[in-house]
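Numbering (this note's numbering), first residue to last: 12 to 346.
Take a look at the structure set out below.
So, in structure tokens, the structure goes:
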């Protein structure tokens, strides 16, 4: 019973903190779309943060994580470049006004449920399983330094690698996060307290010269698809029915365009074969509203099974089937 009550209290506090973040965002948007940043949220909510951070919670993990989840829920972008000033948080900070109840950040960092849709257990952040955590550790151990992303030298002259930073913080994250797949979104406030300014600059300015230009054949497929829906680009459906009919027409036209090439020989044209199969796969998901349902009630595994698997299949002709053998080819940075 006591555990249930603690969970209820934790959830109430979590909801309260989320509401404060939503309030900050709403106020910023009303001010002529003022820039939204985690550093500014911390600046204007210092007292609220101190009063609503429980003892035992790592506030530099909890608040960026919570803020990032709300930002993602609302489909917004945050302003980068300024770090949050935590100087107001002294050694005694973190006591809740409700007492000395201690709770880990993992309990408080529950996923924010979208308030405009029905809630589902599949929408909750999933706890990182012990096996997944072990696999994450095995992946990291298998990495070779010469294949890691070198960022800089520290004060003692040691090399600092991005993967090392990701592992250090990912291994302590109790919930599933892109970091456990060694995927980094540089706009995620989760990283603000973990990367130096020069690290951000190094990551954001990278340009991988090894990625080849798209072939004329691939560009032609895109051009044919684009031309097929030109007559619908300027349409302005107003009712829900009109929007639905327009979407169906777009899907139908794109399906006809991409199938007009016939089948591609996967031995002779592996890129064209992959692109065609991928477009058809996504069109099928749009046709059956699979993506909408996943967004409302899906888990990360649903996106892995339905969406990200196509990215894996892109490299099938390279014979890169070694799932746990790390190389820069597998590494993704989101801008």
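C-beta atoms are modelled at their ideal positions from N, C-alpha and C, and glycine is treated no differently.
As the structure is a prediction and not an experimental result, all values here were calculated from the model.
(request) Could you check if residue 309 is buried or exposed, using at least 16 other CB atoms within 10 Å of its CB as the buried criterion? (result) Within the chain shown, residue 309 is the residue found at index 298, counting from 1. Classification for residue 309: buried.
(request) Please say whether residue 178 and residue 151 have beta carbons closer to each other than 9 Å? (result) The count along the chain shown starts at 1 and reaches residue 151 at position 140. The count along the chain shown starts at 1 and reaches residue 178 at position 167. Against a cut-off of 9 Å, the Cβ pair of residue 178 and residue 151 comes out as a contact.
(request) Report the three-state DSSP secondary structure of residue 161 (helix, strand or coil). (result) Translated into positions along the chain shown, residue 161 becomes position 150. Under the three-state reduction of DSSP output, residue 161 falls in the strand class.
(request) Just mark residue 195 as buried or exposed, buried being the case when its beta carbon has 16 or more other beta carbons within 10 Å. (result) For the purposes of this step, residue 195 is taken as the residue at position 184 of the chain shown. So residue 195 counts as buried.
(message) Rounded to whole angstroms, what is the Cα-Cα separation between residue 31 and residue 99?
(response) Working through the chain shown from its first residue, we reach residue 31 at position 20. Working through the chain shown from its first residue, we reach residue 99 at position 88. Rounded to the nearest whole angstrom, the CA to CA distance from residue 31 to residue 99 is 19 Å.
(message) Suppose you measure from the CA of residue 157 to the CA of residue 209; what does that come to, to the nearest Å?
(response) For the purposes of this step, residue 157 is taken as residue 146 along the chain shown, with counting starting at 1. For the purposes of this step, residue 209 is taken as residue 198 along the chain shown, with counting starting at 1. Their backbone Cα atoms lie some 20 Å apart in a straight line.
(message) Looking at the secondary structure, which residues open and close the alpha helix (DSSP H) in which residue 314 lies?
(response) Numbered from 1 along the chain shown, position 303 holds the residue referred to as residue 314. Its alpha helix (DSSP H) spans residues 311-314.
(request) Would you check if the distance between the CB atom of residue 96 and the CB atom of residue 163 is smaller than 9 Å? (result) Taking the first residue of the chain shown as position 1, residue 96 is located at position 85. Taking the first residue of the chain shown as position 1, residue 163 is located at position 152. No, Cβ-Cβ distance for residue 96 and residue 163 is not below 9 Å.
(request) Would you kindly check if the distance between the Cβ of residue 274 and the Cβ of residue 282 is under 9 Å? (result) Position 271 of the chain shown, counted from the first residue, corresponds to residue 282. Position 263 of the chain shown, counted from the first residue, corresponds to residue 274. Not a contact, by the Cβ cut-off of 9 Å.
(request) Have a look at residue 213 and residue 170 and give me their C-alpha separation to the nearest angstrom. (result) Mapped onto the chain shown, residue 213 falls at position 202. Mapped onto the chain shown, residue 170 falls at position 159. In a straight line, the C-alpha of residue 213 is about 14 Å away from that of residue 170.
(message) Since residue 201 and residue 76 should fall inside the 8 Å C-beta cutoff, what is the C-beta to C-beta distance between them, to a whole number of angstroms?
(response) Translated into positions along the chain shown, residue 201 becomes position 190. Translated into positions along the chain shown, residue 76 becomes position 65. Residue 201 to residue 76, Cβ: 6 Å. Contact.
(message) Using a 10 Å radius around the Cβ and a threshold of 16 neighbouring Cβ atoms, would you call residue 199 buried or exposed?
(response) In the chain shown, counting from the first residue as 1, residue 199 sits at position 188. Buried, since its Cβ has 16 or more Cβ neighbours within 10 Å.
(request) State the Cα-Cα distance for the pair residue 325 and residue 57, rounded to the nearest angstrom. (result) Your numbering for residue 325 matches position 314 in the chain shown. Your numbering for residue 57 matches position 46 in the chain shown. Cα to Cα, the separation comes out at about 47 Å.
(request) Compute the distance between the beta-carbons of residue 50 and residue 203, then report whether it is under 9 Å. (result) Counted from its first residue, the chain shown places residue 50 at position 39. Counted from its first residue, the chain shown places residue 203 at position 192. Yes, the pair counts as a contact, with Cβ atoms nearer than the cut-off.
(message) Suppose you measure from the CA of residue 292 to the CA of residue 68; what does that come to, to the nearest Å?
(response) Looking up residue 292 in the chain shown gives position 281. Looking up residue 68 in the chain shown gives position 57. If I take the Cα positions, the gap works out to 43 Å.
(message) Excluding the 5 residues flanking residue 228 on each side, which residues of the same chain have their C-beta closer than 6 Å to its C-beta?
(response) Translated into the one-based positions of the chain shown, residue 228 becomes position 217. Cβ within range, chain order: 283.
(request) Might you give, ordered along the chain, the residues of its own chain that have their beta carbon closer than 8 Å to the beta carbon of residue 226, omitting 5 neighbours on each side? (result) The residue you call residue 226 lines up with position 215 of the chain shown. 282.
(request) Name the residue from 207, 24, 60 whose alpha carbon lies nearest to the alpha carbon of residue 93. (result) Residue numbering aside, residue 93 sits at position 82 when the chain shown is read from its first letter. Residue 207 is the option with its Cα nearest to residue 93.
(request) Return the CA-CA distance between residue 176 and residue 90, expressed in angstroms with no decimal places. (result) If you number the chain shown from 1, residue 176 lands on position 165. If you number the chain shown from 1, residue 90 lands on position 79. Each residue's Cα considered, the two are about 22 Å apart.
(message) Output needed for residue 240: all residues of its chain with C-beta closer than 7 Å, excluding positions within five of it in sequence on either side, in chain order.
(response) As a first step, residue 240 is located in the chain shown; it is residue number 229 there, counting from the start. So the qualifying residues of the chain are 261, 264, 265.
(request) Confirm, please, whether the CB-CB distance from residue 268 to residue 236 is below 9 Å. (result) On the chain shown, position 225 is the one that residue 236 refers to. On the chain shown, position 257 is the one that residue 268 refers to. Their beta carbons are under 9 Å apart, which means residue 236 touches residue 268 by this criterion.
(request) Report the residue from 80, 52, 314 whose alpha carbon sits nearest the alpha carbon of residue 26. (result) Working through the chain shown from its first residue, we reach residue 26 at position 15. Here the closest residue by C-alpha is 80.
(message) Is the beta carbon of residue 191 closer than 9 Å to that of residue 147?
(response) In the chain shown, residue 147 corresponds to position 136, counting from 1. In the chain shown, residue 191 corresponds to position 180, counting from 1. The Cβ atoms of residue 147 and residue 191 sit closer than 9 Å to each other.
(request) Could you round the C-beta distance between residue 159 and residue 173 to whole angstroms and report it? I think they count as a contact, below 8 Å. (result) Your numbering for residue 159 matches position 148 in the chain shown. Your numbering for residue 173 matches position 162 in the chain shown. So it is a contact: roughly 7 Å between Cβ atoms.
(request) Could you name the residues of the same chain whose beta carbon sits closer than 6 Å to that of residue 296, not counting the 5 residues immediately before and after it, in chain order? (result) Translated into the one-based positions of the chain shown, residue 296 becomes position 285. Same-chain partners within the cutoff: 302.
(request) Take the Cβ of residue 232 as the centre, count every other Cβ of all protein chains shown within 10 Å, and call the residue buried at 16 or more, exposed below. (result) Against the chain shown, residue 232 aligns to sequence position 221. The residue in question, residue 232, is buried, as its Cβ has 16 or more Cβ neighbours within 10 Å.
(request) May I ask which residues mark the beginning and end of the beta strand (DSSP E) holding residue 196? (result) Counting from one through the chain shown, the residue named residue 196 turns up at place 185. Here the beta strand (DSSP E) through residue 196 covers 194-196.
(message) When you compare the CB of residue 82 with every CB in chain B, is at least one pair closer than 9 Å?
(response) Checking the listed chains, one finds no chain B in this structure; it contains a single protein chain.
(message) With H, G and I counted as helix, E and B as strand and the rest as coil, what does DSSP make of residue 138?
(response) Your numbering for residue 138 matches position 127 in the chain shown. Strand at residue 138.
(request) Answer with buried or exposed for residue 246, where buried requires no fewer than 16 other C-beta atoms within 10 angstroms of its C-beta. (result) Walking along the chain shown from the start, residue 246 turns up at place 235. With fewer than 16 Cβ atoms within 10 Å of its Cβ, residue 246 is classed as exposed.
(message) So, at 6 Å on beta carbons, what are the nonlocal neighbours of residue 290 in its own chain, with the 5 sequence-adjacent residues on each side left out?
(response) If you number the chain shown from 1, residue 290 lands on position 279. Excluding sequence neighbours, residue 290 sits near 269.
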